[in-house]
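Colleague:
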Amino acid sequence: MGYRARLRVWRGDADSGELRDYEVDAEEGEVVLDLLHRLQATQCPDLAVRWNCKAGKCGSCSAEVNGRPRLTCMTRLSLFDTDETITVTPMRAFPVIKDLVCDVSYNYVKAREVPAFSPPEGLEPGEYRMQQRDVERSQEFRKCIECFLCQDTCHVIRDHSENKEAFSGPRFLMRVAELEMHPLDSHQEKGGDRPEEARGDHGLGLCNITKCCTEVCPEHIGITDNALIPLKERLADRRYDPLTMLFRRKRS
Amino acid sequence: MSAPTTSSSLRRGRTLRTDRWWLPPLGTALGLGAFVVYGLIRTFMNQWYWVPEYHYLAPFFSPCISDACVPGASHFGSPFPDLAPWIPPPVFVLPFVLGFRLTCYYYRKAYYRSFWAAPPACAVTEPHRRYTGETRFPLIMQNVHRYFFYAALLVAAVLTYDTVIAFRGPGGGFGIGLGTLLMVVNVVLLWAYTLSCHSCRHLIGGRINHFSRHPVRYRMWTLVSRMNGHHMGLAWASLVSVALVDLYVMLVAAGAFPDPRLFN
Amino acid sequence: MAEIESHDYDVIVIGAGGAGLRAAIEARSRGLRTAVLCKSLFGKAHTVMAEGGIAAAMGNVNSGDDWQVHFRDTMRGGKFLNNWRMAELHATEAPQRVWELETYGALFDRTADGRISQRNFGGHEYPRLAHVGDRTGLELIRTLQQQVVSLQQSDHAEHGDYEAGLRVFAEFTVTDLLLDDDRIAGTLGYWRENGRFVRLRAPAVVLATGGIGKSFKVTSNSWEYTGDGHALALRAGARLINMEFVQFHPTGMVWPPSVKGILVTESVRGDGGVLRDASGRRFMFDYIPEVFKESYADSPEEADRWYSDPDNNRRPPELLPRDEVARAINNEVKEGRGTPHGGVYLDVASRLSTEEIMRRLPSMHHQFKELADVDITSERMEVGPTCHYVMGGVEVDPDTAASSVPGLFAAGEVAGGMHGSNRLGGNSLSDLLVFGRRAGAGAAEHVAAARHAHPDVSEEVVTEAVNSALAPFEVTDARGQENPYSLQAELQQVMNRLVGIIRDGAEMCAALEQLAEIKQRAARLAVPEGNRHFNPGWHLALDLRNMLVVSECVAAAALRRTESRGGHTRDDHPGMNPKWRGTLLGCELRDGSIEITEHEQPPMREDLLRLFSLEELGKYFTEEELAVVRTPS
């Protein structure tokens, strides 16, 4: 039951571009990325599109389909009417390189600014003991495939690129939360304070928990409820809780 | 190395979303707006909140702690004087109850989206030129949510007391009316909403890194986490139930209809 | 010609998957300036697709496990064609490599006493696979990626530059290895983003480019798997071995068509899933080969008891090595007992509770739900064989991962020998770590020895390489132009149809003829549209050259090996021949054409031979080979 699908794809580069209309053969059970591949093979051999695994595991084929940030390999055509025009555009929060490919280096810059896991002193490889219930929270965050859709949809940088300097985005605030909740991370013993760093270095306060990151996450990670809000609460422990602040002042 | 910014060449209007993305924020705005309007009218109505026969106290007026309260409604005394007719009793309690909801992580999302349009919906451009989030006054005050949580626990306890004493008949002794049942539903929803709050989840166990060393708190955290998953639903359900019970008590107190009694 | 961007490094690692990153971490930790070149974005390598786990005999779940048992399983799985030294190093070092990941921040699933949990897998005698649900590959790649970042952070703290000691060149394709005489002198490549060429000088290059699966139509591999490392090594003068052995994973998705080939993890079977034909019969009991009869159950009752009492029961035949299961499925379908979409059923719904499935196989549930609209907690999956892994690769020294070309190293899937004729599930991730580290160390030692003799390349060589890479832009005569997408599709068809899971002499002769024809046409590959600015058509045209030469190696070696063993099954030569066990087929490039050569397999060390029973060895080895162990030591 094949049909001709209507596709509108953003074509262009950093300087200029436009939405162009195409018609492509579509088959039952296909996803948007299949259409892009067919477009490449039959009509536009130079159509730039990132992809790797085509199974929702690598997070390469992120784009916006009908305005919504999505993995094109996990966007089934059955979501759309057969006569509906499917519009595919590059992620809006990042500068375009060409067509659907954009410059996501912002994310790699931010990744480097989160202090890495700090192994505990005195434990040799093979001596780590952790209970399943203690690693489960961080494991959820490690499901992240770094598709950067949460970064793309986050209005803090999507609509205000001037915030990119101060704000690391949900992905990397979640990375901070992951390490903060890691049962054996020794960053704090070595003088660090991850919640404080989340506020100062990564702009946690800019997040207004409007949850779009959680909505678009293809891995269904509870970014807001399980990472960002607990991080805000841990920060409140340190900074906005007059009782603990008073207690600290007395002690020092 | 500074992060690159979006190229100016790609301007594509406000959004390319084709669904009715404006519907949820509109619904939220209408729902919250209706509640606020009802709350204002009700507060300054300043009457019909106590049904002495069945011991029904309207939740908007609980606890009633000013000398302005009608006789019998002040279960916990009246430490505040009757300042002026335009300062009705709820003025002393409502700031805490509203503060809890106003700083609640769910309601924040709801009104940031629907009233502030920051953002109106996911992947829809917000209209503001500048955005500082919750980094400055007044929004930085959202971080005191946990204190409102403590207050909300007290209020929930008070409403529980109100509900318990509503199990009395007109002549004293045990009794149940429709109002009693509504108050039970309301108080259960209120507790569920209060305990499923993110601050509660943090305080009860979320702040711990080694759950395995705190089995009891871990169990409580697991329970609260499960409830927390329904925080939005509970926020709305308890909001509606508070207003409905309040309305019900008002109508009974005003004599619009008698309370149907199931027992005594 | 105009100046091109140039960099100097001590070690260049091509590929940023598990092996490449582990090699880079090792080289950098030994104080060498290291570059990692990867075709995709950093962290997207094919390693993320590995699901089941990392095989390492830590003995956390069953204390009976140790490296000897792991070694035995690996050799059996590879039908004793493995390079025994590699298998030995792999089995002994894998636990250390896994534990090391924890110090980088990895979070594996845990046992009740807080150690790393291990799961059952095909061909492994004990629960051996360290895992994180069914997304172990993602954990591995992310952990190594974050360790790279961690090293960059310490460089930043020391030198003020994140990239002082270790730099990742992302979305960067290598077109050529540069040689100074016969020694490695660096690489030439280009930025995919803008098509600009870059020359990197270094005395040591580690190939960690993965496999060749994209040459087959039905494959679990991504676009990156075009055999680049295999082809680069060939062109630099190195030898590939075992190229006839290509693993078809028994369980790939078969429906809908657009996802055909996508992997269904072996953990489904390891955790209790069974294979059924269209009528619901568990057919694997019919396919237990003679050599495995002793360790696999012959009744469903015994097989089911094994999950709870593995010490007193034999394993279910669903957990036979991958080659056996793939052939069995192929046969069921061929004889008409397959499902409507040409596969068989993989049933876990009737075997595990919904909660268990959601906990142990979350990403499988997700994958089927999203891609096929199948809920695996209540419905059966349809599966069939898919091209998954190439056992063959660059011939390397087991201890240092060095190839025969001075300065060229290889690790991971691009290296050959470790897995013999068939790889066990879970042995790939451990292979990446063990030999990735060894390649990094080997390269470091090579650089230390060559410290005062930095090789260099002449400008002419570079210019020639650049021109050759730009050739597709020069094919402008519209009539003779070949489209890279169509040519790739043809190549995939040929390989899938004629050099696929079941092979035949006449078919492979036909394949070689067709490959020759495609190769001729490939000289006229053109870039019909666009310029060098992120142009996938051009990228594919360059990748195709690699796919073609590697496909030729596969077909020619497969034609030469007249027996069936592991990942090489011939209709016209069924059965194993002990004579062939001692022979490795090499593939080399001479004057632009490939040549298949025969080499003797080095005899296994006596103490390792004695780990097996004589009876078992007798099934694989010739009498002469066993003479040493016939006499009691």
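First to last, the sequence lines map onto chains A, B and C.
Each residue of the first sequence is one higher than the last, beginning at 1 in the working numbering.
Each residue of the second sequence is one higher than the last, beginning at 1001 in the working numbering.
Each residue of the third sequence is one higher than the last, beginning at 2001 in the working numbering.
Heads up, the beta-carbon is just placed ideally off N, CA and C, and yes, glycines get one too.
Under a Cβ-count criterion, where at least 16 other Cβ atoms within 10 Å of its own Cβ denotes burial, should G1255(B) be classed as buried or exposed?
Modeller: Result: exposed.
Colleague: Between H1230(B) and S1196(B), what straight-line distance do the alpha-carbon atoms span, to the nearest angstrom?
Modeller: Distance between the alpha carbons of H1230(B) and S1196(B): 8 Å.
Colleague: 8 Å is my cut-off, CB to CB: does V216(A) come that close to chain B?
Modeller: True, the Cβ-Cβ gap to chain B drops below 8 Å.
Colleague: Helix, strand or coil for A2523(C), going by three-state DSSP, please let me know.
Modeller: Coil, per DSSP.
Colleague: Could you tell me if R50(A) is buried or exposed, where buried requires 16 or more neighbouring beta carbons within 10 angstroms of its beta carbon?
Modeller: That one is buried.
Colleague: Thinking C-alpha only, which one of T87(A), I221(A), R70(A) and D15(A) is nearest V24(A)?
Modeller: Nearest of T87(A), I221(A), R70(A) and D15(A) to V24(A), Cα basis: T87(A).
Colleague: Are G2137(C) and T2047(C) closer than 8 Å when you measure CB to CB?
Modeller: Yes, the pair counts as a contact, with Cβ atoms nearer than the cut-off.
Colleague: Please state whether DSSP places R1207(B) in a helix, a strand or coil.
Modeller: Coil at R1207(B), not helix or strand.
Colleague: Using 8 Å as the limit for Cβ to Cβ distance, is L2041(C) near chain D?
Modeller: Absent from the structure: chain D. Protein chains present are A, B and C.
Colleague: Check whether the Cβ of L1023(B) lies closer than 8 Å to any Cβ atom in chain A.
Modeller: Closer than 8 Å: no.
Colleague: If we count Cβ pairs, one from each stretch, closer than 8 Å, do we get three or more for the segment 2052-2059 of chain C versus the segment 2416-2430 of chain C?
Modeller: Flag = yes, the segment 2052-2059 of chain C and the segment 2416-2430 of chain C touch.
Colleague: Do F117(A) and G2105(C) have their C-beta atoms within less than 8 Å of each other?
Modeller: Contact: yes.
Colleague: What are the start and end residues of each continuous alpha helix (DSSP H) run of 4 or more residues lying completely inside the segment 1038-1126 of chain B, in chain order?
Modeller: Listed in chain order, the complete alpha helix (DSSP H) runs (minimum 4 residues) inside the segment 1038-1126 of chain B are 1094-1102 and 1105-1111.
Colleague: Reducing DSSP to helix, strand and coil, say where E2005(C) ends up.
Modeller: Strand, per DSSP.
Colleague: So, A2185(C) versus D2456(C), is the Cβ gap smaller than 8 Å?
Modeller: Closer than 8 Å, so yes.
Colleague: Would you mind telling me which residues of chain C sit closer than 7 Å to Y128(A), beta carbon to beta carbon, in chain order?
Modeller: The answer, in chain order, is E2102.
Colleague: So A2045(C) and F2169(C) are supposed to be a Cβ contact under 8 Å. How far apart are they, rounded?
Modeller: Going by Cβ atoms, the distance from A2045(C) to F2169(C) rounds to 14 Å, so no, they are not a contact pair.
Colleague: Buried or exposed: where does S2613(C) fall if 16 or more other Cβ atoms within 10 Å of its Cβ makes it buried?
Modeller: By the 10 Å Cβ count, S2613(C) comes out exposed.
Colleague: Could you tell me which chain B residues have their CB closer than 8 Å to the CB of R133(A), listed as they occur along the chain?
Modeller: Correct list: F1211, S1212 and Y1218.
Colleague: What are the residues in the segment 48-70 of chain A lying within 8 Å of chain C by C-beta distance?
Modeller: So the list reads A48, V49, R50, W51, N52, C53, K54, A55, G56, K57, C58, G59 and S60, given in the order they occur along the chain.
Colleague: Determine the chain B residues that contact A236(A) at a beta-carbon separation under 7 Å, and present them in chain order.
Modeller: Those are N1143 and R1146, listed as they occur along chain B.
Colleague: Candidates A2439(C), V2494(C) and K2519(C): which alpha carbon is nearest E2507(C)'s?
Modeller: With distances taken between Cα atoms, E2507(C) lies closest to V2494(C).
Colleague: When you check each C-beta in the segment 2361-2387 of chain C against every C-beta of chain A, which residues fall closer than 9 Å?
Modeller: Per Cβ criterion, the list reads P2362, S2363, H2366, Q2367, E2370, L2371, A2372 and D2373.
Colleague: Under three-state DSSP, which class holds Y240(A)?
Modeller: In the structure shown, Y240(A) sits in coil (DSSP, three-state: anything other than H, G, I, E or B).
Colleague: Please report the straight-line C-alpha distance between F1257(B) and L1251(B), rounded to a whole angstrom.
Modeller: Cα-Cα distance, rounded: 7 Å.
Colleague: Going by the DSSP bridge assignment, what does M2253(C) pair with across the sheet?
Modeller: Note: M2253(C) sits in a beta bridge opposite V2383(C).
Colleague: Closest to C61(A) by C-alpha separation, out of Y106(A), G67(A) and M74(A), would be which residue?
Modeller: When only C-alpha atoms are compared, the closest one is M74(A).
Colleague: Does any residue of chain B have a CB that is nearer than 8 Å to the CB of S252(A)?
Modeller: Any reading at S252(A) must be qualified, since the residue scores a pLDDT of 38, below 50, and its modelled position is unreliable; the value itself is stated next. No, because no Cβ of chain B sits closer than 8 Å to the Cβ of S252(A).
Colleague: Quick one: what does DSSP say Y108(A) is sitting in, helix, strand or coil?
Modeller: Helix.
Colleague: Under 8 Å, do A166(A) and A227(A) count as touching if we go by C-beta distance?
Modeller: Taking 8 Å as the Cβ cut-off, A166(A) and A227(A) do not qualify as a contacting pair.
Colleague: Please state whether DSSP places L2320(C) in a helix, a strand or coil.
Modeller: Coil, per DSSP.
Colleague: Please list the partners that F117(A) has in chain C, where partner means a Cβ-to-Cβ separation under 8 Å.
Modeller: Y2104, G2105, Q2146 and S2150, listed in chain order.
Colleague: Per DSSP, which residues does I2184(C) bridge with? Please list them.
Modeller: DSSP output for I2184(C) lists L2179(C) as bridge partner(s).
Colleague: Beta-carbon separation of H2249(C) and T2386(C) under 8 Å?
Modeller: The answer is yes: Cβ separation under 8 Å.
Colleague: Of the choices A2238(C), N2060(C), K2369(C) and T2173(C), whose alpha-carbon is the least far from that of S2403(C)?
Modeller: Among A2238(C), N2060(C), K2369(C) and T2173(C), the Cα nearest to that of S2403(C) belongs to A2238(C).
Colleague: In angstroms, rounded to a whole number, what distance separates the CA positions of S2006(C) and E2595(C)?
Modeller: Distance between the alpha carbons of S2006(C) and E2595(C): 35 Å.
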